[in-house]
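K.L.:
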Amino acid sequence: MPETPGSRPGAGTCPPGWRCWDRPLPAPRPVLPLSSQLAMLPQSCDQTVKKYEETAKCRRRRESRTRDSLGFRDPGTLRRREAPRCAGLHRRGRHPMKRLTAVVLVLGLVLGSCTSGDRGSSAGEGGLLDEISARGELVCGVSGTTVGFSEQKPDGSYAGFDVDYCRAVAAAVLGNADAVTFVSLASSERFGAVRSGQVDVLFRNTTVTQGRDTAEGVDFGPVIFYDGQQFMARAADGYAEFSTVADLAGAVVCVNAGSTTELNLIDAAAEAGGQITVRSLEGRDLVVEDFISGACDAMTTDGSGLVGRRSTQQPEGQRWVIFPSTPISKEPLAPAYAHGDPQFGDVIDWVVYATIIADEKGVTRANVESVAADPPDVEVARLLGSEGELQTAMGLAPDAFYQVIKQVGNYSDIFDRHLAPVGLSRQGTVNASWLHGGLIYAPPAR
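Count the sequence shown with the numbering used here and you get residues 516 to 961, in order.
1) With burial defined as no fewer than 16 other Cβ atoms inside 10 Å of the residue's Cβ, what is the status of G832: buried or exposed?
2) Taking the C-alpha atoms as reference points, what is the distance between T696 and L653?
3) Going by DSSP, which residues form a beta bridge with I837?
4) Going by beta-carbon coordinates alone, are G659 and S665 separated by less than 8 Å?
5) Relative to the alpha-carbon of V836, which residue among L898, Q922 and R825 has its alpha-carbon at the smallest distance?
6) Would H951 be called buried (16 or more neighbouring beta carbons within 10 Å of its own) or exposed?
7) Could you check which residue in V657, A686 and K668 has the C-alpha nearest to that of G651?
8) Give a yes or no on whether the C-beta atoms belonging to V767 and R794 are separated by under 8 Å.
9) Can you tell me whether C811 is helix, strand or coil according to DSSP?
10) Indicate the three-state DSSP secondary structure (helix, strand or coil) for R794 in the structure shown.
11) For T722, which three-state DSSP category applies?
12) How big is the Cα-Cα spacing for L934 and P669?
13) Buried or exposed for F916, please, with buried defined as at least 16 other CB atoms from any protein chain shown within 10 angstroms of its CB.
14) Looking at the strands, I want to know which residues DSSP matches up with T660.
15) So if DSSP puts F697 in a beta bridge, which residue, or which two residues, is it bridged to?
16) Hey, quick one: how far does the beta strand (DSSP E) through A766 stretch, first residue to last?
17) Looking at C-beta atoms only, is the number of pairs between the stretch 715-726 and the stretch 843-852 that lie closer than 8 Å three or more?
18) How about Q828 and V803: are their beta carbons less than 8 Å apart?
19) With distances taken Cα to Cα, identify the nearest neighbour of T724 among T775, D742 and D693.
20) So what does DSSP say about D856, is it helix, strand or coil?
21) So is Q918 buried or exposed if we call it buried at 16+ other beta carbons inside 10 Å?
22) To which residues of the same chain is V985 closer than 6 Å at the C-beta, ignoring the five residues directly before and after it?
23) State yes or no: is the C-beta of A869 within less than 8 Å of the C-beta of L898?
24) Any chance the stretch 811-825 sits against the stretch 743-750, with 3 or more Cβ pairs inside 8 Å?
25) Closest to G953 by C-alpha separation, out of T944, E646 and F859, would be which residue?
26) Considering only residues of the same chain and omitting the five flanking positions on each side of T519, which have a CB-CB separation below 7 Å?
27) Helix, strand or coil for L848? Go by DSSP, reduced to three states.
28) For the putative contact between A896 and P890, defined by C-beta atoms under 8 Å, what is the C-beta separation to the nearest angstrom?
29) Any idea if P737 is buried or exposed, counting beta-carbon neighbours within 10 angstroms, 16 or more meaning buried?
30) Would you call the CB atoms of F838 and Y754 closer than 8 Å?
31) Can you find the residues in the same chain that come closer than 8 Å, C-beta to C-beta, to R688, ignoring five residues on each side of it along the sequence?
32) Beta-carbon separation of G642 and D856 under 8 Å?
33) So for A947, helix, strand or coil by DSSP?
34) Name, in chain order, the residues that DSSP records as bridge partners for Y926.
35) Using a Cβ-Cβ cut-off of 8 Å (strictly less than) and excluding sequence neighbours within five positions of D679, which residues of its own chain qualify?
Quick look at the structure:
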């Protein structure tokens, strides 16, 4: 006699011809939504693997017991026999294999994050912030050859706009702006150095692009300098500040290999009908050397880099001109760090923001002590570590940003110390504060 849904009798009431359970069916247990199941998963990779192994072992044991017990029974009882329960796999009305498949798929997603080769995958267990604190120093990737941004001095020390932002991070995390090891990196090796863990963070006049943000395994912090690509050539060769890319037809142009500048130049050469010869060299110093020697008719990089080189390396008796007046590209320069560590990312972001907010509020390296003693408003009080501060929640000391301003300075302090001397100005440019018509802006500290 066939069974009909909802009519199966309980124990002791089985009519003739029925195959019955030997006790009443248990009440069905509700199936939790996927979000709840994910929340119940073990938190560590080792626990996840162990749980998965126990689940698979339990299912095999259950199937083995079922097969052994059915050797002398009617096979038709298989679906109506209550097999040993384990690990919550069996649910009335749901096929065990489907259930196991769902579990395996969810675990696969979790295990995928456990086995990722990305440095940021360990962020949930300590993270880079704890690693830096235990090490006692920050390892920061820089150029080492970019005038005004990062230059290595004859004594081996480093100085520049990017260098000071490395020092600002060290001041926030370690309380000591000098606890930094600098690593000079070529354009072609910078992202690999971040992914591999060779450096903790990159402050290396690096442009944020969609491709880099999605394919390089790094995340970018706030823009610290808005730049744009231009060309530099000798006035004696007929070039002037009003020259255009079209005037470079037939010229040899030197460029730093592995940069967005190189890609932009290749595009510009194609638009010019291939009449521009692209000469790619590994390193800015080689680019300038070839330009000075005459191997190149012009050189190209970010406008800030051209201004810096002209201010320090233009030979006596020559006049180098920079053009066009409107750059041929947008080059927003920002720090980069390994993808997948949001806590460390927050620290990088808010170190930059702290220098900008301090600049907006008039809190400088020179007056931060007196301002901290008598803050002009609640935002400054929070920023410098008074009641309501948010630095502790980020894993930092309450006075982390006070240390940044005291030891390194605000945005203007850093800019004026390194970029103004080589001929770069904030006034009337996109690098002015938003209060003065520029793009330098930070969210509120609250």
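Glycine is no exception: its CB is placed at the ideal position from the N, C-alpha and C atoms. Since this is a predicted model, take the numbers as computed values, not measurements.
P.N.:
From the atom records:
1) G832 is exposed by the Cβ-count criterion.
2) Taking the straight line from one Cα to the other gives about 6 Å.
3) Beta-bridge pairing links I837 to M747.
4) Yes, they are a contact pair.
5) Closest by alpha carbon: R825.
6) Classification for H951: exposed.
7) Of V657, A686 and K668, the smallest CA-CA separation from G651 is found for A686.
8) The answer is yes: Cβ separation under 8 Å.
9) In the structure shown, the three-state DSSP call for C811 is coil.
10) Three-state DSSP puts R794 in a strand.
11) Reduced to three states, the DSSP call for T722 is strand.
12) If I take the Cα positions, the gap works out to 20 Å.
13) F916 is buried by the Cβ-count criterion.
14) T660 is bridged by DSSP to E666.
15) C655, per the DSSP bridge assignment.
16) Taken as a continuous stretch (DSSP letters only), A766 belongs to no beta strand (DSSP E), as it is neither H nor E.
17) Yes, the stretch 715-726 touches the stretch 843-852.
18) V803 is positioned such that its CB atom lies closer than 8 Å to that of Q828.
19) Cα-wise, what sits closest to T724 is T775.
20) DSSP, reduced to helix, strand and coil, places D856 outside both helices and strands of the structure shown, so it counts as coil.
21) Q918 should be labelled buried.
22) There is no way to answer for residue 985, as the model of the chain reaches only from 516 to 961.
23) Taking 8 Å as the Cβ cut-off, A869 and L898 qualify as a contacting pair.
24) In short, these stretches touch, since the Cβ pair count reaches three.
25) Comparing Cα positions, the closest option is T944.
26) Reliability fails at T519, whose pLDDT of 45 lies under 50, so the model's placement of it is uncertain and the value that follows must be treated cautiously. If you ignore the 5 residues before and after T519, its C-beta comes within less than 7 Å of no other C-beta in its own chain.
27) In the structure shown, the three-state DSSP call for L848 is strand.
28) Between A896 and P890 a beta carbon distance of about 4 Å is seen, short of the 8 Å cut, so the two are scored as contacting.
29) When all chains shown are included, P737 counts as buried.
30) Between F838 and Y754, the C-beta gap is smaller than 8 Å, which places the two residues in contact.
31) It is Val, not Arg, that sits at residue 688 in the sequence shown. Around V688: L644, I647, S648, L653, V862, L911 and A915.
32) Yes, these two residues count as a Cβ contact at 8 Å.
33) Of the three classes helix, strand and coil, the one that applies to A947 here is coil, per DSSP.
34) Paired residue(s): none; Y926 is not in a bridge.
35) Residues V923, G924, I929, R932 and H933 of the same chain have their beta carbon placed closer than 8 Å to that of D679, with the five preceding and five following residues left out of the count.
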